[in-house]
């Protein structure tokens, strides 16, 4: 399953 | 953080500042698509809402604030301060043909069906096509000022560097974000034709003009 951790790129 | 990502971010920043300076110094936004700039302002606004919810790093937050601030400053210059110089007749791309499908796609294909995540996905998809009104405007008038081509080159370079960044992150961190990668590749492909003209004309000291 996809664990979504947020986005750190701009 | 790797060298590709850092230079990509700096290239993006350079593009934004080149455009602002071009408008400010010449007191004119001739040849610039206000529609593309509105789309970029929407892109940054919908993507960086996490400024209010998540802290990643000082670098990350500062860049987000600068990108958003510059995007709105650019829109303000085009539609308010130097409105008289805005070439609206040639800026005739129908943005609803981008925003509506992109909105639909963001609802259908995303990492997580939540408000913030759908807005992030929307911004990623929208960014990949936001330059189209600008490229359309250039194809319509058949030419672009050299400073405008430097802006476009930096913007395209930023996307190309991000692709190298993703290759790096895949090999060294096992990280990949399919939505960002596919949208980023699409966006980079849109610049290929322009890159060719930039290298064959602008870098050889000629003005960018298209054959009639």
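Protein chains in written order, with our numbering: chain A, 1251 to 1260; chain B, 69 to 280.
Each residue gets a CB set at the ideal place from its N, CA and C atoms; glycine is no exception.
What does residue i pair with, by DSSP beta-bridge criteria?
i, result
"residue 98(B)", "Note: residue 98(B) sits in no beta bridge, so no partner."
"residue 276(B)", "212(B)"
Would you identify the three-state DSSP class for residue i, choosing helix, strand or coil?
i, result
"residue 152(B)", "helix"
"residue 211(B)", "strand"
"residue 1258(A)", "coil"
"residue 193(B)", "helix"
"residue 79(B)", "helix"
"residue 122(B)", "coil"
"residue 1252(A)", "In this prediction, residue 1252(A) scores a pLDDT of 44, lower than 50, which makes its location untrustworthy; no coordinate-derived value is stated."
"residue 242(B)", "coil"
"residue 205(B)", "helix"
"residue 69(B)", "coil"
"residue 228(B)", "helix"
"residue 198(B)", "coil"
For the alpha helix (DSSP H) containing residue i, name the first residue and the last one.
i, result
"residue 178(B)", "No alpha helix (DSSP H) holds residue 178(B); DSSP gives it neither H nor E."
"residue 161(B)", "Neither: residue 161(B) is in no alpha helix (DSSP H) and is coded neither H nor E."
"residue 263(B)", "246 to 268"
"residue 136(B)", "126 to 144"
Can you tell me the Cα-Cα spacing of residue i and residue j, whole angstroms?
i, j, result
"residue 270(B)", "residue 112(B)", "29 Å"
"residue 125(B)", "residue 190(B)", "23 Å"
"residue 177(B)", "residue 95(B)", "42 Å"
"residue 168(B)", "residue 194(B)", "10 Å"
"residue 222(B)", "residue 99(B)", "17 Å"
"residue 93(B)", "residue 180(B)", "44 Å"
"residue 154(B)", "residue 144(B)", "12 Å"
"residue 209(B)", "residue 103(B)", "16 Å"
"residue 217(B)", "residue 142(B)", "17 Å"
"residue 256(B)", "residue 224(B)", "6 Å"
"residue 182(B)", "residue 238(B)", "26 Å"
"residue 85(B)", "residue 162(B)", "26 Å"
"residue 207(B)", "residue 278(B)", "7 Å"
"residue 241(B)", "residue 158(B)", "45 Å"
Name the chain A residues whose beta carbon is nearer than 9 Å to that of residue i?
i, result
"residue 248(B)", "1257, 1259"
For residue i, which residues in chain A fall below 7 Å Cβ to Cβ?
i, result
"residue 188(B)", "1257"
"residue 122(B)", "1256"
"residue 131(B)", "1260"
"residue 15(B)", "With chain B represented from 69 up to 280, any question about residue 15(B) goes unanswered, as that position is not in the structure."
Using a C-beta to C-beta distance shorter than 8 Å, which residues of chain A count as neighbours of residue i?
i, result
"residue 128(B)", "1258, 1260"
For the ligand PLP, I want to know if residue i counts as a neighbour, meaning its beta carbon is within less than 8 Å of at least one of the ligand's heavy atoms.
i, result
"residue 270(B)", "As for the ligand PLP, it is missing from this structure, which has no ligand bound."
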